[in-house]
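Below you'll find the structure, written out as structure tokens, and then a few comments.
Numbering (the working numbering), first residue to last: 18 to 103.
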């Protein structure tokens, strides 16, 4: 447990950032899973719409720092390949 004022503030700030990052990651994962489910069901039109949403969520997570840039690019690339294969 920190005793110094600035250390106490860092704990508060880090807790807030962690909860926000978790929310961004959760939204992103949900969108990615939706696309993967639609691809598995061979629903091409809906999958393309869901892909756009997933790409937006991934970009937001990367922009926020919740996800590394290369990780986000890899996720987008793999999802796009799956959707284009339909």
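Glycine included, C-beta positions come from ideal geometry on N, C-alpha and C.
Asked	Found
Taking only three categories from DSSP, how would you classify residue 84?	coil
Suppose you measure from the CA of residue 68 to the CA of residue 42; what does that come to, to the nearest Å?	16 Å
For the alpha helix (DSSP H) holding residue 39, just list the boundary residues, first then last.	22-57
Rounding to the nearest angstrom, what Cα-Cα distance links residue 117 and residue 72 in this structure?	Limits of the chain in this structure are 18 at one end and 103 at the other, which puts residue 117 out of reach.
Cutting at 7 Å between CB atoms, please list the residues of its own chain near residue 63, excluding the five before and the five after it.	55
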